[in-house]
Amino acid sequence: MSAAAVLADIDWHVEQQVFFYLIATTQVVAAWRVVTTKNIVHAALYLVVVLAGVAAQFILLGAEFIASTQVLVYIGAVIVLFLFGIMLTQARIGAENDLDQPNRLPAVLTAGLLAILTVSTVIRTFEDVELPDNSRTTTASVSDSIFSDYIIAFEAVSVLLLAALIGAIVVARKD
Amino acid sequence: MLLNQFLVLAAILFSIGVYGVLARRNAVLVLMSIELILNAVNINLVAFSAMTGNIAGEVFALFVIAVAAAEVGIGLAIVLLMYRNRHNIDLNEADLMRG
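Going down the list, the sequences are from chains A and B. The first sequence lines up with residues 1 to 175 when you count with my numbering. The second sequence lines up with residues 1 to 99 when you count with my numbering.
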């Protein structure tokens, strides 16, 4: 058998499952560390792990353009913005003890109830809905959609970004 | 792959984000938790887009990413202003408008 035939024979579903659960576990652990760590710089770095995991899940779902945008915008820009924010507000290097609310019981209750509610609802509603095997979408189809059906929303988003840019400069300017 | 595994992952990430928003009192960390929430929503959008074969979900995920970037920019500018005026970014002490 040639190499191509061997590749064609592999059941990729197993690999997809393995990688999904590997990435998902990493993501949940890293997300938990983001909201519990006592070191604010570590929180930003754990956030990178979660965001990269989300990009990997997008790849598993066959959404290549969203995945690359996720890496460019979130890991490239938003995290750098966060690190600048941390530095400009002069966070202490090392662990801090005043990052959390003194009483965290309401937060634990709310988040716990929300998790139980959403997870149980989702499991019961979409019991065994399978994703189609070949759900890959190309960048070309996404851009076709943006620049035809959603052109007005796209222009509105570009104006919003400009407004946010000017707004952030005006708010943070020193004078 | 099941649709459910993505939805459950998104639900868990969303809940962790909600916990972060409620339990943290450092403004930068609250903004990070909001990013977790927005990313969980994006996973949902793309998963449903893959299930229905409708590209609109992915376009919406792109818009969410763009709005999230704008939100972080403005949010951090506000946090910076708060730090400049009060020399800390503790959300519990920003209670000027509390009745």
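For each residue, glycine too, the CB sits at the ideal point set by N, CA and C. Since the model is a prediction, treat every value here as computed from it, not as a measurement.
At least one beta carbon of chain A lies nearer than 8 Å to the beta carbon of A66(B). Closer than 8 Å at the C-beta level to chain B, one finds these residues of the region 105 to 132 of chain A: P106, A107, V108, T110, A111, G112, L114, A115, T118, V119, V122, I123, F126, E127, D128, V129, E130, L131 and P132. Counting of Cβ neighbours within 10 angstroms places G57(B) among the buried residues, the total reaching 16 or more. DSSP assignment within the region 2 to 85 of chain B yields the following whole alpha helix (DSSP H) runs of 4 residues or more, N-terminal first: 3 to 23 and 27 to 52.
Looking at the DSSP output, T137(A) sits in a beta bridge with A63(A).
Each residue's CA atom was taken as its position, placing I43(B) and N39(A) some 27 Å apart.
In the three-state reduction of the DSSP assignment, D144(A) falls in the helix class. Contact annotation: in the region 75 to 96 of chain A, residues whose CB is within less than 7 Å of a CB in chain B are A77, V78, L81, F82, G85, I86, L88 and T89. When DSSP reads this structure, D100(A) sits in a beta bridge with R24(B). Residue environment analysis places F58(A) among the buried positions, since at least 16 neighbouring C-beta atoms fall within 10 angstroms of its C-beta. Put simply, the CB of V41(B) is far from chain A, with every gap to its CB atoms at 8 Å or more.
Under a criterion of Cβ atoms nearer than 9 Å, the residues of chain B adjacent to T137(A) are, in order, S49, A50, G53, I55 and E58.
Using a 10 angstroms sphere on the CB of F84(A), the tally of other CB atoms stays under 16, which defines it as exposed.
Note on A31(A): 16 or more other CB atoms within 10 angstroms of its CB, so buried under the neighbour-count rule. Counted as a single uninterrupted DSSP element, the stretch harbouring M97(B) is not any alpha helix (DSSP H), since DSSP gives it neither H nor E. Proximity of D95(B) to chain A, defined by a Cβ-Cβ separation below 8 Å, is not satisfied. In the same chain as Q27(A), and ignoring 5 residues on each side of it, the C-beta atoms closer than 6 Å to its own belong to V50 and G53, in chain order. For the region 140 to 152 of chain A, the set of residues with a beta-carbon nearer than 9 Å to any beta-carbon of chain B comprises S141, V142, D144, S145, I146, D149 and Y150, in chain order. Of the other Cβ atoms in all chains shown, 16 or more fall within 10 Å of the Cβ of E35(B); this residue is therefore buried. Per the Cβ contact rule, the region 22 to 40 of chain B is in contact with the region 79 to 92 of chain B (3 or more Cβ pairs under 8 Å). In terms of CA proximity to A43(A), I86(A) leads the group I86(A), E15(A) and F20(A). Counting every other CB atom within 10 Å of its CB across the protein chains shown gives Y21(A) a total below 16, marking it as exposed. Taking the beta carbon of I37(B) as reference, no residue of chain A falls within 8 Å; the closest one sits roughly 10 Å away. Look at the region 72 to 121 of chain A and you find these whole runs of alpha helix (DSSP H), each 4 residues long or longer: 79 to 88. Going by C-alpha positions, I79(A) is about 17 Å away from A56(A).
Here the region 141 to 161 of chain A does not lie against the region 3 to 16 of chain B, with fewer than 3 beta-carbon pairs under 8 Å apart. For F154(A), the enclosing alpha helix (DSSP H) begins and ends at I151 to A172.
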